[in-house]
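These notes concern the structure reproduced below.
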Amino acid sequence: MSSANGSGEQHAHVVVVGAGLSGVAAAAKLRAAGISDFLVLEKADGVGGTWRENTYPGCAVDIPSPVYSFSFNPNPDWTRNFAGQAELLAYIDDTVEKFGLRPRMRFGTELLEATWSAKRQLWELKTSRGRYTARHVVFASGLLHEPRLPDVPGLDEFTGEAFHSARWDHGVDLRGKRVAVIGTGCSSIQLVPEIQPLVDKLYVFQRTAAWVIPRLDFRMPKPVRRLLRRVPAAQRLLRGAIDVILRSMGAVMRDAKLARLLNPVGRLVLRRQVRDPELRAKLTPKFTVGCKRLLLSNTYLPAMSQPNAELVPHALAGVKGNELVAANGDRIEADVIVFASGFELRHPPIAARIRGRDGQLLSEVWAQHSPQAYRATTLPSVPNAYLLLGPNIVMYNSLLALAESQLDYVVDAIRTAESRGISSWEIRPEAFRAYNQAVQRDLAPSVYNSGGCGSFYIDESGRNFVTWPWSVKRLRRDLSRFDVENYDTILAEK
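Numbers 1 to 494, taken from the UniProt record's numbering, label the letters of the sequence shown in order.
Below is the structure:
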(Lines of atoms letter the chains of each structure in order from A and count residues from 1; the text may use other names and numbers.)
(Lines give C-alpha, C1' and ligand atoms only; values in the text may rest on other atoms or scores of the structure.)
Protein backbone atom coordinates (compact mmCIF):
# COMPACT_ATOMS: atom_id res chain seq x y z
CA MET A 1 0.00 0.00 0.00
CA SER A 2 1.02 3.64 -0.33
CA SER A 3 3.61 4.81 2.16
CA ALA A 4 5.63 7.86 3.17
CA ASN A 5 9.42 7.95 3.15
CA GLY A 6 11.86 9.98 5.21
CA SER A 7 11.79 12.92 2.80
CA GLY A 8 8.07 13.42 3.32
CA GLU A 9 7.14 11.97 -0.06
CA GLN A 10 4.21 9.61 -0.29
CA HIS A 11 4.75 6.66 -2.59
CA ALA A 12 2.25 4.53 -4.47
CA HIS A 13 2.96 1.99 -7.17
CA VAL A 14 0.35 3.67 -9.38
CA VAL A 15 -0.99 7.21 -9.20
CA VAL A 16 -4.10 8.22 -11.13
CA VAL A 17 -4.47 11.95 -11.81
CA GLY A 18 -8.13 12.96 -11.93
CA ALA A 19 -11.34 11.56 -10.44
CA GLY A 20 -13.75 12.09 -13.30
CA LEU A 21 -15.35 9.20 -15.17
CA SER A 22 -12.09 7.86 -16.60
CA GLY A 23 -10.21 8.31 -13.31
CA VAL A 24 -12.88 6.42 -11.37
CA ALA A 25 -12.83 3.71 -14.04
CA ALA A 26 -9.04 3.49 -13.66
CA ALA A 27 -9.31 3.06 -9.90
CA ALA A 28 -11.96 0.36 -10.24
CA LYS A 29 -10.05 -1.52 -12.94
CA LEU A 30 -6.81 -1.41 -10.95
CA ARG A 31 -8.55 -2.78 -7.88
CA ALA A 32 -10.30 -5.50 -9.89
CA ALA A 33 -6.91 -6.54 -11.31
CA GLY A 34 -5.50 -6.94 -7.81
CA ILE A 35 -3.35 -3.81 -8.04
CA SER A 36 -4.18 -2.30 -4.65
CA ASP A 37 -1.22 0.05 -4.19
CA PHE A 38 -2.64 3.06 -5.97
CA LEU A 39 -3.81 6.59 -5.21
CA VAL A 40 -6.11 8.96 -7.08
CA LEU A 41 -5.21 12.66 -6.92
CA GLU A 42 -8.08 15.08 -7.56
CA LYS A 43 -7.86 18.87 -7.40
CA ALA A 44 -11.57 19.33 -6.60
CA ASP A 45 -13.22 18.33 -3.34
CA GLY A 46 -15.21 15.50 -4.90
CA VAL A 47 -15.47 13.10 -7.82
CA GLY A 48 -17.14 13.74 -11.15
CA GLY A 49 -14.74 15.80 -13.26
CA THR A 50 -16.58 17.51 -16.11
CA TRP A 51 -19.90 16.26 -14.70
CA ARG A 52 -19.16 18.06 -11.47
CA GLU A 53 -17.99 21.28 -13.10
CA ASN A 54 -20.63 21.63 -15.84
CA THR A 55 -23.91 22.69 -14.25
CA TYR A 56 -25.40 24.84 -17.01
CA PRO A 57 -29.16 24.56 -17.66
CA GLY A 58 -29.99 21.47 -19.70
CA CYS A 59 -26.59 19.81 -19.19
CA ALA A 60 -26.92 16.13 -20.14
CA VAL A 61 -25.16 13.30 -21.95
CA ASP A 62 -25.29 13.21 -25.75
CA ILE A 63 -24.78 9.44 -25.90
CA PRO A 64 -27.56 7.15 -24.57
CA SER A 65 -27.15 6.52 -20.84
CA PRO A 66 -27.05 2.70 -21.06
CA VAL A 67 -23.68 2.94 -22.85
CA TYR A 68 -22.52 6.13 -21.13
CA SER A 69 -21.92 4.12 -17.97
CA PHE A 70 -19.29 1.82 -16.50
CA SER A 71 -19.31 -1.68 -17.99
CA PHE A 72 -18.56 -3.04 -14.52
CA ASN A 73 -21.41 -1.10 -12.88
CA PRO A 74 -24.41 -1.04 -15.24
CA ASN A 75 -27.26 1.13 -14.04
CA PRO A 76 -30.79 -0.20 -14.59
CA ASP A 77 -32.34 2.89 -12.99
CA TRP A 78 -31.59 5.67 -15.46
CA THR A 79 -34.67 7.88 -15.42
CA ARG A 80 -34.08 9.04 -19.00
CA ASN A 81 -32.45 7.65 -22.12
CA PHE A 82 -30.15 10.72 -22.02
CA ALA A 83 -29.38 11.30 -18.34
CA GLY A 84 -28.96 14.80 -16.95
CA GLN A 85 -25.87 16.11 -15.17
CA ALA A 86 -27.15 15.65 -11.62
CA GLU A 87 -28.18 12.05 -12.22
CA LEU A 88 -24.86 11.18 -13.84
CA LEU A 89 -22.90 12.81 -11.01
CA ALA A 90 -24.90 10.79 -8.47
CA TYR A 91 -24.12 7.62 -10.45
CA ILE A 92 -20.38 8.35 -10.39
CA ASP A 93 -20.53 8.97 -6.65
CA ASP A 94 -22.48 5.75 -6.15
CA THR A 95 -19.84 3.82 -8.12
CA VAL A 96 -17.07 5.16 -5.89
CA GLU A 97 -18.95 4.04 -2.78
CA LYS A 98 -20.01 0.68 -4.19
CA PHE A 99 -16.46 -0.30 -5.12
CA GLY A 100 -14.81 1.15 -2.01
CA LEU A 101 -12.62 3.59 -3.92
CA ARG A 102 -12.92 6.69 -1.74
CA PRO A 103 -10.16 5.73 0.74
CA ARG A 104 -7.67 5.70 -2.16
CA MET A 105 -8.61 9.24 -3.23
CA ARG A 106 -6.89 12.46 -2.21
CA PHE A 107 -9.17 15.43 -2.83
CA GLY A 108 -8.03 19.05 -2.94
CA THR A 109 -4.74 17.77 -4.38
CA GLU A 110 -3.85 19.46 -7.65
CA LEU A 111 -0.98 18.16 -9.75
CA LEU A 112 1.49 20.97 -10.36
CA GLU A 113 4.18 18.99 -12.17
CA ALA A 114 5.03 15.36 -12.88
CA THR A 115 8.72 14.74 -13.60
CA TRP A 116 10.31 11.43 -14.56
CA SER A 117 13.46 10.62 -12.58
CA ALA A 118 15.67 8.30 -14.63
CA LYS A 119 17.93 7.82 -11.62
CA ARG A 120 15.14 6.68 -9.30
CA GLN A 121 13.07 5.10 -12.08
CA LEU A 122 10.05 6.84 -10.61
CA TRP A 123 7.66 9.66 -11.33
CA GLU A 124 8.08 12.58 -8.93
CA LEU A 125 4.80 14.42 -8.50
CA LYS A 126 4.64 17.90 -7.07
CA THR A 127 1.12 18.74 -5.89
CA SER A 128 -0.69 21.46 -4.01
CA ARG A 129 -0.57 19.18 -0.96
CA GLY A 130 2.92 17.78 -0.92
CA ARG A 131 5.02 15.41 -2.97
CA TYR A 132 4.31 11.92 -4.26
CA THR A 133 6.28 9.30 -6.16
CA ALA A 134 4.98 6.50 -8.34
CA ARG A 135 6.26 3.81 -10.67
CA HIS A 136 3.33 4.33 -13.04
CA VAL A 137 1.09 7.36 -13.62
CA VAL A 138 -2.31 7.34 -15.31
CA PHE A 139 -3.27 10.83 -16.50
CA ALA A 140 -7.08 10.93 -16.44
CA SER A 141 -7.74 14.65 -16.60
CA GLY A 142 -10.14 14.18 -19.51
CA LEU A 143 -10.86 15.95 -22.79
CA LEU A 144 -13.52 18.35 -21.51
CA HIS A 145 -11.46 19.95 -18.79
CA GLU A 146 -10.26 23.46 -19.56
CA PRO A 147 -12.85 25.89 -20.98
CA ARG A 148 -11.70 27.65 -24.12
CA LEU A 149 -12.42 31.37 -24.27
CA PRO A 150 -12.02 33.17 -27.60
CA ASP A 151 -9.69 36.15 -27.69
CA VAL A 152 -12.22 38.96 -28.04
CA PRO A 153 -10.93 42.56 -28.08
CA GLY A 154 -12.60 44.71 -25.43
CA LEU A 155 -14.10 41.81 -23.47
CA ASP A 156 -12.50 43.00 -20.23
CA GLU A 157 -14.43 46.28 -20.61
CA PHE A 158 -17.84 44.62 -21.01
CA THR A 159 -20.26 46.33 -18.62
CA GLY A 160 -22.43 43.26 -18.04
CA GLU A 161 -21.82 39.71 -16.81
CA ALA A 162 -19.77 37.22 -18.83
CA PHE A 163 -18.92 33.58 -18.13
CA HIS A 164 -18.26 30.25 -19.84
CA SER A 165 -21.00 27.63 -19.91
CA ALA A 166 -18.65 25.17 -18.16
CA ARG A 167 -18.35 27.60 -15.24
CA TRP A 168 -22.00 28.64 -15.07
CA ASP A 169 -22.62 31.58 -12.76
CA HIS A 170 -25.82 30.64 -10.92
CA GLY A 171 -25.76 34.03 -9.19
CA VAL A 172 -26.69 35.76 -12.45
CA ASP A 173 -30.45 36.02 -12.99
CA LEU A 174 -31.17 35.84 -16.72
CA ARG A 175 -34.85 36.68 -16.46
CA GLY A 176 -35.75 39.72 -18.54
CA LYS A 177 -32.15 40.18 -19.72
CA ARG A 178 -30.61 40.50 -23.16
CA VAL A 179 -28.38 37.43 -23.38
CA ALA A 180 -25.81 36.56 -26.03
CA VAL A 181 -24.66 32.96 -26.40
CA ILE A 182 -21.37 32.58 -28.26
CA GLY A 183 -21.13 29.26 -30.08
CA THR A 184 -23.42 26.57 -31.43
CA GLY A 185 -21.82 23.34 -30.22
CA CYS A 186 -22.95 20.59 -27.86
CA SER A 187 -23.33 22.82 -24.77
CA SER A 188 -25.04 25.64 -26.65
CA ILE A 189 -27.80 23.50 -28.12
CA GLN A 190 -28.58 22.15 -24.64
CA LEU A 191 -28.68 25.46 -22.78
CA VAL A 192 -30.30 27.67 -25.44
CA PRO A 193 -33.76 25.99 -25.22
CA GLU A 194 -33.60 26.20 -21.41
CA ILE A 195 -32.89 29.92 -21.17
CA GLN A 196 -34.85 31.12 -24.22
CA PRO A 197 -38.22 31.28 -22.39
CA LEU A 198 -36.63 33.24 -19.51
CA VAL A 199 -34.80 36.01 -21.30
CA ASP A 200 -36.09 39.19 -22.90
CA LYS A 201 -33.89 38.77 -25.97
CA LEU A 202 -31.59 35.90 -26.95
CA TYR A 203 -28.79 36.34 -29.48
CA VAL A 204 -26.89 33.24 -30.64
CA PHE A 205 -23.60 33.94 -32.41
CA GLN A 206 -22.93 31.23 -34.97
CA ARG A 207 -19.60 31.20 -36.78
CA THR A 208 -20.63 28.18 -38.87
CA ALA A 209 -23.88 26.22 -38.87
CA ALA A 210 -23.93 22.65 -37.53
CA TRP A 211 -26.10 19.67 -38.35
CA VAL A 212 -28.77 18.99 -35.72
CA ILE A 213 -30.64 15.69 -35.62
CA PRO A 214 -33.38 14.51 -33.23
CA ARG A 215 -32.36 13.20 -29.82
CA LEU A 216 -34.28 10.02 -29.03
CA ASP A 217 -34.83 11.02 -25.43
CA PHE A 218 -37.65 9.77 -23.24
CA ARG A 219 -38.42 8.88 -19.67
CA MET A 220 -37.52 5.27 -18.92
CA PRO A 221 -40.82 3.54 -18.08
CA LYS A 222 -40.85 1.96 -14.63
CA PRO A 223 -41.67 -1.51 -16.03
CA VAL A 224 -38.58 -1.28 -18.27
CA ARG A 225 -36.40 -0.23 -15.35
CA ARG A 226 -37.82 -3.10 -13.31
CA LEU A 227 -37.01 -5.55 -16.11
CA LEU A 228 -33.45 -4.24 -16.46
CA ARG A 229 -32.98 -4.53 -12.70
CA ARG A 230 -34.26 -8.10 -12.50
CA VAL A 231 -32.85 -9.47 -15.76
CA PRO A 232 -29.19 -8.44 -16.22
CA ALA A 233 -29.17 -10.12 -19.64
CA ALA A 234 -31.77 -7.60 -20.84
CA GLN A 235 -29.49 -4.77 -19.80
CA ARG A 236 -26.56 -6.33 -21.63
CA LEU A 237 -28.75 -6.76 -24.71
CA LEU A 238 -29.82 -3.10 -24.62
CA ARG A 239 -26.24 -1.91 -24.22
CA GLY A 240 -25.13 -4.18 -27.05
CA ALA A 241 -27.87 -2.94 -29.37
CA ILE A 242 -26.94 0.71 -28.80
CA ASP A 243 -23.28 -0.17 -29.30
CA VAL A 244 -24.09 -1.70 -32.70
CA ILE A 245 -25.92 1.49 -33.75
CA LEU A 246 -22.99 3.66 -32.68
CA ARG A 247 -20.51 1.40 -34.43
CA SER A 248 -22.57 1.59 -37.61
CA MET A 249 -22.53 5.38 -37.41
CA GLY A 250 -18.76 5.26 -36.94
CA ALA A 251 -18.38 3.09 -40.03
CA VAL A 252 -20.30 5.65 -42.11
CA MET A 253 -18.13 8.49 -40.81
CA ARG A 254 -14.96 6.74 -41.93
CA ASP A 255 -16.01 7.37 -45.54
CA ALA A 256 -16.97 10.93 -46.48
CA LYS A 257 -18.84 9.66 -49.57
CA LEU A 258 -21.10 7.50 -47.39
CA ALA A 259 -21.58 10.26 -44.82
CA ARG A 260 -22.76 12.60 -47.58
CA LEU A 261 -25.82 10.37 -48.02
CA LEU A 262 -27.03 11.59 -44.61
CA ASN A 263 -27.22 15.25 -45.68
CA PRO A 264 -30.84 14.95 -46.91
CA VAL A 265 -31.83 13.68 -43.45
CA GLY A 266 -30.35 16.80 -41.86
CA ARG A 267 -32.15 19.04 -44.35
CA LEU A 268 -35.44 17.25 -43.68
CA VAL A 269 -35.09 17.96 -39.96
CA LEU A 270 -34.47 21.63 -40.72
CA ARG A 271 -37.50 21.87 -43.02
CA ARG A 272 -39.76 20.34 -40.39
CA GLN A 273 -38.53 22.37 -37.44
CA VAL A 274 -37.71 25.75 -38.99
CA ARG A 275 -40.54 27.28 -41.05
CA ASP A 276 -38.82 30.59 -41.85
CA PRO A 277 -36.82 29.98 -45.07
CA GLU A 278 -34.36 32.79 -44.33
CA LEU A 279 -33.56 31.46 -40.86
CA ARG A 280 -33.42 27.91 -42.21
CA ALA A 281 -30.85 28.95 -44.80
CA LYS A 282 -28.65 30.46 -42.08
CA LEU A 283 -28.94 27.27 -40.00
CA THR A 284 -28.09 24.95 -42.92
CA PRO A 285 -24.45 23.76 -42.93
CA LYS A 286 -22.41 23.77 -46.11
CA PHE A 287 -20.46 20.63 -45.22
CA THR A 288 -21.10 16.90 -44.94
CA VAL A 289 -22.95 15.47 -41.95
CA GLY A 290 -20.40 14.32 -39.37
CA CYS A 291 -17.53 16.59 -40.43
CA LYS A 292 -18.21 18.41 -37.18
CA ARG A 293 -19.68 16.56 -34.25
CA LEU A 294 -23.36 15.80 -34.81
CA LEU A 295 -25.62 17.74 -32.46
CA LEU A 296 -28.59 15.96 -30.89
CA SER A 297 -31.61 18.05 -29.88
CA ASN A 298 -35.39 18.14 -30.25
CA THR A 299 -35.68 21.67 -28.87
CA TYR A 300 -32.80 23.79 -30.20
CA LEU A 301 -34.18 24.55 -33.66
CA PRO A 302 -37.70 25.32 -32.34
CA ALA A 303 -36.16 27.63 -29.71
CA MET A 304 -34.28 29.52 -32.42
CA SER A 305 -37.61 30.06 -34.21
CA GLN A 306 -39.16 31.91 -31.26
CA PRO A 307 -39.83 35.68 -31.55
CA ASN A 308 -37.32 36.61 -28.83
CA ALA A 309 -34.47 34.56 -30.37
CA GLU A 310 -32.18 35.90 -33.07
CA LEU A 311 -29.43 34.07 -34.90
CA VAL A 312 -26.30 36.13 -35.55
CA PRO A 313 -24.57 34.17 -38.35
CA HIS A 314 -21.14 35.59 -37.58
CA ALA A 315 -18.33 35.26 -35.07
CA LEU A 316 -18.02 37.70 -32.18
CA ALA A 317 -15.30 40.14 -33.25
CA GLY A 318 -15.21 42.63 -30.38
CA VAL A 319 -16.90 44.23 -27.38
CA LYS A 320 -17.41 47.94 -26.72
CA GLY A 321 -19.09 48.68 -23.41
CA ASN A 322 -22.35 46.75 -23.52
CA GLU A 323 -22.24 46.37 -27.30
CA LEU A 324 -21.13 43.18 -29.03
CA VAL A 325 -19.60 43.66 -32.46
CA ALA A 326 -20.17 40.84 -34.94
CA ALA A 327 -17.61 39.98 -37.62
CA ASN A 328 -19.75 41.73 -40.25
CA GLY A 329 -19.80 44.95 -38.19
CA ASP A 330 -23.32 44.62 -36.75
CA ARG A 331 -23.67 45.84 -33.15
CA ILE A 332 -25.89 44.24 -30.54
CA GLU A 333 -26.56 45.39 -26.99
CA ALA A 334 -26.41 42.69 -24.33
CA ASP A 335 -26.55 42.39 -20.55
CA VAL A 336 -24.99 38.91 -20.30
CA ILE A 337 -22.53 36.95 -22.44
CA VAL A 338 -22.44 33.15 -22.19
CA PHE A 339 -19.45 31.58 -23.93
CA ALA A 340 -20.42 28.12 -25.15
CA SER A 341 -17.11 27.91 -26.97
CA GLY A 342 -15.94 24.44 -26.01
CA PHE A 343 -12.76 23.22 -24.38
CA GLU A 344 -9.04 23.50 -24.91
CA LEU A 345 -8.01 20.36 -26.82
CA ARG A 346 -5.02 21.60 -28.82
CA HIS A 347 -3.15 22.80 -25.72
CA PRO A 348 -4.51 20.78 -22.79
CA PRO A 349 -3.28 22.08 -19.42
CA ILE A 350 -2.11 18.63 -18.29
CA ALA A 351 0.52 18.64 -21.07
CA ALA A 352 2.23 21.64 -19.43
CA ARG A 353 2.62 19.58 -16.24
CA ILE A 354 4.26 16.43 -17.62
CA ARG A 355 8.07 16.52 -17.92
CA GLY A 356 9.57 13.45 -19.57
CA ARG A 357 12.92 11.69 -19.47
CA ASP A 358 14.61 14.29 -21.69
CA GLY A 359 13.47 17.18 -19.47
CA GLN A 360 10.99 18.54 -22.01
CA LEU A 361 7.43 19.36 -21.10
CA LEU A 362 4.86 17.48 -23.14
CA SER A 363 3.31 20.84 -24.05
CA GLU A 364 6.62 21.88 -25.65
CA VAL A 365 6.73 18.71 -27.73
CA TRP A 366 3.12 19.06 -28.84
CA ALA A 367 3.61 22.75 -29.68
CA GLN A 368 6.17 21.62 -32.27
CA HIS A 369 4.50 18.48 -33.60
CA SER A 370 0.78 18.60 -32.70
CA PRO A 371 -0.68 16.24 -30.08
CA GLN A 372 0.01 12.61 -30.90
CA ALA A 373 0.44 9.39 -28.95
CA TYR A 374 0.90 5.68 -29.53
CA ARG A 375 -2.46 3.95 -29.54
CA ALA A 376 -3.81 7.17 -28.01
CA THR A 377 -2.13 6.18 -24.74
CA THR A 378 1.69 6.23 -24.52
CA LEU A 379 4.45 8.64 -25.54
CA PRO A 380 8.15 8.52 -26.44
CA SER A 381 10.48 9.89 -23.74
CA VAL A 382 7.63 9.68 -21.23
CA PRO A 383 8.15 6.31 -19.51
CA ASN A 384 5.51 4.42 -17.52
CA ALA A 385 2.83 7.00 -18.27
CA TYR A 386 -0.62 6.59 -19.77
CA LEU A 387 -2.93 9.23 -21.24
CA LEU A 388 -6.60 8.36 -20.99
CA LEU A 389 -8.62 9.80 -23.88
CA GLY A 390 -5.39 10.89 -25.52
CA PRO A 391 -4.86 12.09 -29.10
CA ASN A 392 -6.78 10.40 -31.93
CA ILE A 393 -9.24 8.33 -29.91
CA VAL A 394 -12.56 10.15 -30.38
CA MET A 395 -15.29 8.52 -32.48
CA TYR A 396 -19.07 8.20 -32.47
CA ASN A 397 -19.17 6.18 -29.28
CA SER A 398 -19.11 6.60 -25.54
CA LEU A 399 -15.89 8.25 -24.38
CA LEU A 400 -16.13 6.16 -21.23
CA ALA A 401 -16.17 2.94 -23.27
CA LEU A 402 -13.07 4.15 -25.11
CA ALA A 403 -11.30 4.92 -21.83
CA GLU A 404 -12.18 1.48 -20.49
CA SER A 405 -10.54 -0.10 -23.55
CA GLN A 406 -7.43 1.95 -22.83
CA LEU A 407 -7.49 0.75 -19.24
CA ASP A 408 -7.27 -2.86 -20.41
CA TYR A 409 -3.99 -1.83 -22.04
CA VAL A 410 -2.84 0.07 -18.95
CA VAL A 411 -3.55 -2.79 -16.55
CA ASP A 412 -1.80 -5.28 -18.83
CA ALA A 413 1.21 -2.94 -19.09
CA ILE A 414 1.54 -2.72 -15.30
CA ARG A 415 1.13 -6.48 -14.89
CA THR A 416 3.66 -7.14 -17.67
CA ALA A 417 6.19 -4.86 -16.01
CA GLU A 418 5.72 -6.64 -12.68
CA SER A 419 5.90 -10.16 -14.10
CA ARG A 420 9.01 -9.46 -16.21
CA GLY A 421 10.84 -7.33 -13.68
CA ILE A 422 10.67 -4.23 -15.88
CA SER A 423 11.51 -1.01 -14.09
CA SER A 424 10.48 1.25 -16.97
CA TRP A 425 9.42 1.09 -20.59
CA GLU A 426 9.22 3.60 -23.43
CA ILE A 427 7.54 3.32 -26.81
CA ARG A 428 10.16 2.96 -29.53
CA PRO A 429 10.37 6.02 -31.81
CA GLU A 430 10.04 3.93 -34.96
CA ALA A 431 6.85 2.23 -33.68
CA PHE A 432 5.48 5.62 -32.63
CA ARG A 433 6.19 7.16 -36.05
CA ALA A 434 4.79 4.23 -38.02
CA TYR A 435 1.61 4.18 -35.96
CA ASN A 436 0.93 7.91 -36.33
CA GLN A 437 1.67 7.83 -40.06
CA ALA A 438 -0.96 5.09 -40.39
CA VAL A 439 -3.43 7.16 -38.35
CA GLN A 440 -3.10 10.17 -40.62
CA ARG A 441 -3.13 8.07 -43.80
CA ASP A 442 -6.35 6.31 -42.86
CA LEU A 443 -8.07 9.48 -41.64
CA ALA A 444 -7.64 11.12 -45.04
CA PRO A 445 -10.83 9.66 -46.62
CA SER A 446 -12.91 10.10 -43.47
CA VAL A 447 -15.64 12.71 -43.14
CA TYR A 448 -13.60 14.37 -40.38
CA ASN A 449 -10.83 15.21 -42.86
CA SER A 450 -12.73 15.34 -46.15
CA GLY A 451 -16.16 16.63 -45.17
CA GLY A 452 -15.56 20.23 -46.14
CA CYS A 453 -15.60 21.91 -42.73
CA GLY A 454 -13.15 23.51 -40.35
CA SER A 455 -13.47 21.76 -37.00
CA PHE A 456 -11.63 21.42 -33.72
CA TYR A 457 -10.49 17.99 -34.92
CA ILE A 458 -7.95 19.65 -37.22
CA ASP A 459 -5.06 21.78 -35.96
CA GLU A 460 -3.49 24.81 -37.61
CA SER A 461 -1.16 22.59 -39.67
CA GLY A 462 -4.08 20.62 -41.09
CA ARG A 463 -3.42 17.54 -38.97
CA ASN A 464 -6.29 15.65 -37.34
CA PHE A 465 -5.26 15.08 -33.73
CA VAL A 466 -8.64 14.10 -32.28
CA THR A 467 -10.45 11.29 -34.08
CA TRP A 468 -9.80 7.55 -34.39
CA PRO A 469 -9.47 6.36 -38.02
CA TRP A 470 -10.59 2.77 -37.62
CA SER A 471 -13.39 0.69 -36.12
CA VAL A 472 -14.33 0.17 -32.48
CA LYS A 473 -13.43 -3.50 -32.98
CA ARG A 474 -9.93 -2.46 -34.07
CA LEU A 475 -9.57 -0.16 -31.07
CA ARG A 476 -10.60 -2.89 -28.63
CA ARG A 477 -8.25 -5.36 -30.31
CA ASP A 478 -5.27 -2.97 -30.34
CA LEU A 479 -5.76 -2.13 -26.67
CA SER A 480 -6.54 -5.62 -25.41
CA ARG A 481 -2.85 -6.47 -24.87
CA PHE A 482 0.23 -4.46 -23.97
CA ASP A 483 2.57 -4.99 -26.94
CA VAL A 484 5.81 -4.92 -24.97
CA GLU A 485 7.74 -5.91 -28.12
CA ASN A 486 7.27 -2.33 -29.38
CA TYR A 487 8.81 -0.82 -26.25
CA ASP A 488 12.35 -0.30 -25.01
CA THR A 489 12.61 -1.59 -21.45
CA ILE A 490 14.91 -1.24 -18.46
CA LEU A 491 14.98 -4.12 -16.02
CA ALA A 492 14.77 -3.46 -12.30
CA GLU A 493 17.94 -3.87 -10.28
CA LYS A 494 17.97 -7.01 -8.17
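Backbone N, C-alpha and C fix where the C-beta goes; we use that ideal spot for every residue, glycine too.
- Excluding the 5 residues flanking it on each side, Gly46 has same chain C-beta neighbours closer than 7 Å at Arg52, Phe107, in chain order.
- Secondary structure of Tyr386 (DSSP, three-state): strand.
- Around the beta-carbon of Thr127, 16 or more other beta-carbon atoms lie within 10 Å, marking it buried.
- For Tyr132, the secondary structure class from DSSP, reduced to helix, strand or coil, is strand.
- Beta-bridge annotation (DSSP): Glu113 is paired with Lys126.
- Excluding sequence positions up to five before and after Val325, its CB lies within less than 6 Å of the CB of Ala317, Gly318, Arg331, all in the same chain and listed in chain order.
- For Pro371, the closest of Glu344, Asn384, Asp358, Arg357 by C-alpha to C-alpha distance is Glu344.
- Given a length threshold of 4 residues, each whole run of the alpha helix (DSSP H) inside the region 58-121 is given here in chain order: 85-98.
- Within a 10 Å sphere around the beta-carbon of Ile242 sit 16 or more other beta-carbons, which makes this residue buried.
- Per DSSP, the beta bridge partners of Trp425 are Thr489.
- Note on the region 186-229: whole alpha helix (DSSP H) runs with a minimum of 4 residues are 186-195, in chain order.
- The count of Cβ pairs closer than 8 Å, one atom from the region 304-323 and one from the region 204-216, reaches three, so the stretches are in contact.
- The C-beta distance from Gly8 to Thr50 rounds to 32 Å, too long to meet the 8 Å contact threshold.
- Per DSSP, His145 lies in no alpha helix (DSSP H) segment and is marked neither H nor E.
- Spanning the alpha carbons of Leu261 and Gly454 requires a straight line of approximately 20 Å.
- Taking Ala27 as reference, the option from Ile63, Val137, Leu155, Lys292 with the minimal CA-CA separation is Val137.
- Using a C-beta cut-off of 8 Å, the region 398-409 makes contact with the region 474-481, since at least three inter-stretch Cβ pairs fall below that distance.
- Residue environment for Pro285: buried (at least 16 other C-beta atoms within 10 angstroms of its C-beta).
- Looking at the DSSP output, Ala12 bridges to Ala134.
- Listed in chain order, the non-local C-beta contacts of Leu227 below 7 Å within the same chain comprise Ala234, local neighbours out to five positions each way being set aside.
- Under the three-pair Cβ rule at 8 Å, the region 334-343 counts as touching the region 139-158.
- The three-state secondary structure of Ile242, taken from DSSP, is helix.
- Partner residues in a beta bridge of Leu258, as assigned by DSSP, do not exist.
- Taking Arg254 as reference, the option from Lys222, Tyr132, Asn384, Asp442 with the minimal CA-CA separation is Asp442.
- Residue state for Arg474 is assigned as helix, using DSSP reduced to three classes.
- Its chain contains Leu379, Leu387, Gly390, Pro391 as the residues whose beta carbon lies nearer than 7 Å to that of Ala373, once the 5 sequence neighbours on both sides are disregarded; these appear in chain order.
- Here Ala180 has Tyr203, Leu324, Ala334, Ile337 as same chain residues with Cβ atoms under 6 Å from its own Cβ, once five neighbours each way along the sequence are excluded.
- Per the DSSP secondary-structure output, Leu311 pairs in a beta bridge with Val204.
- By the Cβ neighbour-count rule, Asn75 is buried, with 16 or more other Cβ atoms within 10 Å of its own.
- Nearest to Glu426 by C-alpha distance, out of Tyr487, Ile393, Thr109, Ser446, is Tyr487.
- Taking 8 Å as the upper bound for CB-CB distance, Phe38 and Arg104 are in contact here, some 6 Å apart.
- Taking the Cα positions, Tyr68 is about 35 Å away from Pro429.
- The count of Cβ pairs closer than 8 Å, one atom from the region 114-128 and one from the region 343-360, reaches three, so the stretches are in contact.
- Our two residues, Leu122 and Glu364, have alpha carbons roughly 22 Å apart in a direct line.
- DSSP places Leu316 inside the beta strand (DSSP E), whose first and last residues are 316-320.
- Between Phe70 and Ala140 the beta-carbon gap is near 14 Å, outside 8 Å, which marks them as no contact.
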